[in-house]
Amino acid sequence: MRLLYALTTYLLAPVLLVHLYWRSLSNPDYRQRIGERFGFGQVRLANDSIWVHAVSVGEVQAAAALITELMQRYPAMPVVLTTMTPTGSARARDLFGDRVIHNYLPYDMVWVVRRFLDWARPGIAIIMETELWPNLYHECGRRRIPLVLASARVSQKSVRHYRRLVSLFKETLSHGIVIAAQTEADAERFRLLGASPSRTHVTGNIKFDFALPEQVEEKGRYFRQQQAPERPVWIAASTHAGEETAVIEVHQQVLQAFPDALLLWVPRHPERFPAVAAQLEKAGLGFVTRSSAARCTPVTRVFLGDSMGELTMFYAASDVAFVAGSLIP
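This note's numbering puts the first residue of the sequence shown at 1389, with every later residue one more than the last.
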């Protein structure tokens, strides 16, 4: 089964390039550093590294405390941090600067994976949450690289999809992988997919170890004083495309009860900023954007947080928070 999967990944290479081009239409950063996604662009490290993979902004933020602790405990080992998205890359740069080596995760093709592992030389691989890559995990197992799924989670829906290729993912999880699951339900689902019961443990959600940025409450109060000193404020955070209409409808209902209410709206993905702005214009809701540096006026109904790295400040400035992702399948 893995051989068939490996052959399929090669055939999909042109599709992956088209996908990158399509993503670059809304976010030009996807055109940058394409070689890294195919294993090129880095010089072989002199020492074994600690490799941490965090797919995007939220996972990078969740992994921050772990990475900081690893750097303190093992100062002689460089940290290689991979992401899938440019926003994840930008967040990694904001948090760690040159203290980590950032690289985009290579596509799961055998020769690409081998090229990446050749230069990165991971002494251990730590994958945040749920990323199952058969060729990558097989190659880590072949090279006897310890691999940990940290703060691992998998939904029942995902299990149904994975079990359609049960032999492939059973093999994927058989390479001595340690599963540090968020909950017992997650742990049981990984066992159903073929994870070793003796190597599957419940350790909780690493996001609870997140350290708030310094002075975040003070920054939140200052923002509130500048933008909405006497108004009720609620936040819709990390919204996805399928949730935007609902957010607008709810805010219109909120305005009926609290005519001076202000919505802080922070979409999950930066490429959604223009689409959200267009929907607000269509709905007739006056708004300002963070990027414009404009002040809210009495007729401003929405503050669109089209920036990166400020979500905790927006939370601190709000009376009520809606954390999105729950309104879509």
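All C-beta atoms in this analysis are idealised placements derived from N, C-alpha and C, irrespective of residue type, glycine included.
Given the structure is predicted, the values throughout are model-derived calculations rather than measurements.
_Run of the alpha helix (DSSP H) containing VAL1642, from where it starts to where it stops_ = The residue given as residue 1642 occupies position 254 in the sequence shown. Looking at the DSSP string, the run of the alpha helix (DSSP H) that includes VAL1642 is 1632–1645.
*DSSP beta-bridge partners for MET1516?*
Residue mapping note: residue 1516 aligns to position 128 of the sequence shown, counting from 1. Answer is ALA1538, bridged to MET1516.
*Is the segment 1533–1548 touching the segment 1461–1476 in the sense that three or more CB pairs, one from each, lie closer than 8 angstroms?*
No, the segment 1461–1476 does not touch the segment 1533–1548.
*Between the Cα of CYS1528 and the Cα atoms of GLN1615, VAL1500 and VAL1403, which residue gives the shortest distance?*
Within the sequence shown, numbered from 1, the residue matching residue 1528 stands at position 140. Among GLN1615, VAL1500 and VAL1403, the Cα nearest to that of CYS1528 belongs to VAL1500.
*For the segment 1412–1452, list the beta strand (DSSP E) runs that are entirely contained and at least 3 residues long, ordered along the chain.*
You should have 1437–1441.
*List the whole-angstrom C-beta distance separating GLY1476 from ALA1442, where the pair is believed to meet the contact cut-off of C-beta under 8 angstroms.*
Counting from 1 along the sequence shown, the entry for residue 1476 is found at position 88. Counting from 1 along the sequence shown, the entry for residue 1442 is found at position 54. Contact between GLY1476 and ALA1442 holds: their C-beta atoms lie close to 6 angstroms from each other, under 8 angstroms.
*Cβ separation of PRO1494 and ARG1425, assumed to be a contact under 8 angstroms, to the nearest whole Å*: Position 106 of the sequence shown, counted from the start, is the residue given in the question as residue 1494. Position 37 of the sequence shown, counted from the start, is the residue given in the question as residue 1425. Right, their Cβ atoms sit about 6 angstroms apart.
*Secondary structure at VAL1348, three-state DSSP: helix, strand or coil?*
Since the first residue shown for the chain is 1389 and the last is 1717, residue 1348 is missing from the structure and cannot be characterised.
*Throw me the rounded Cβ distance for the VAL1448 and THR1471 pair, which I believe falls under 8 angstroms.*
Position 60 of the sequence shown, counted from the first residue, corresponds to residue 1448. Position 83 of the sequence shown, counted from the first residue, corresponds to residue 1471. Taking 8 angstroms as the upper bound for CB-CB distance, VAL1448 and THR1471 are in contact here, some 6 angstroms apart.
*Unbroken alpha helix (DSSP H) runs of length 4 or more, entirely within the segment 1456–1496: which are they?*
Counting whole runs of 4 or more residues, the segment 1456–1496 contains the alpha helix (DSSP H) stretches 1474–1484.
*Going by alpha carbons, who is nearest to ALA1540 out of GLY1582, ARG1689, THR1560 and ASN1593?*
Taking the first residue of the sequence shown as 1, we reach residue 1540 at position 152. Comparing Cα-Cα distances from ALA1540 to each of GLY1582, ARG1689, THR1560 and ASN1593, the minimum goes to ASN1593.
*Whole-angstrom Cβ separation of ARG1421 and GLY1427, contact assumed at under 8 angstroms?*
By 1-based counting over the sequence shown, the position of residue 1421 is 33. By 1-based counting over the sequence shown, the position of residue 1427 is 39. Incorrect: roughly 12 angstroms between the Cβ atoms, too far for contact.
*Can you check whether the CB of ILE1636 is closer than 8 angstroms to the CB of PHE1702?*
Position 314 of the sequence shown, counting from 1, holds the residue named residue 1702. Position 248 of the sequence shown, counting from 1, holds the residue named residue 1636. No, the Cβ-Cβ distance between PHE1702 and ILE1636 is not below 8 angstroms.
_Exposure of ASP1506, with buried meaning 16 or more beta-carbon neighbours within 10 Å_ = Along the sequence shown, one-based indexing puts residue 1506 at 118. With fewer than 16 Cβ atoms within 10 Å of its Cβ, ASP1506 is classed as exposed.
*Using 10 angstroms around the beta-carbon of GLN1641, count the other beta-carbons present and answer buried if the total reaches 16, otherwise exposed.*
Mapped onto the sequence shown, residue 1641 falls at position 253. Burial call: exposed.
_Coarse secondary structure for ALA1665, derived from DSSP in three states_ = Position 277 of the sequence shown, counting from 1, holds the residue named residue 1665. Taken through DSSP and simplified to helix, strand or coil, ALA1665 comes out as helix.
*Classification of PHE1646 by the beta-carbon crowding that lies within 10 angstroms, buried from 16 upward*: For the purposes of this step, residue 1646 is taken as residue 258 along the sequence shown, with counting starting at 1. So PHE1646 ends up on the exposed side.
*Could you check the C-alpha separation between GLU1631 and LEU1715 for me, to the nearest Å?*
Here residue 1631 refers to the residue found at position 243 when the sequence shown is read from its first residue. Here residue 1715 refers to the residue found at position 327 when the sequence shown is read from its first residue. Their Cα atoms are separated by approximately 6 angstroms.
*Do you know offhand how far GLN1794's Cα is from ARG1689's?*
The question about residue 1794 has no answer, for the chain in this structure spans 1389 to 1717.
*Looking only at DSSP bridge pairs, what is PRO1655 linked to?*
Within the sequence shown, numbered from 1, the residue matching residue 1655 stands at position 267. In DSSP, PRO1655 forms a bridge with THR1627.
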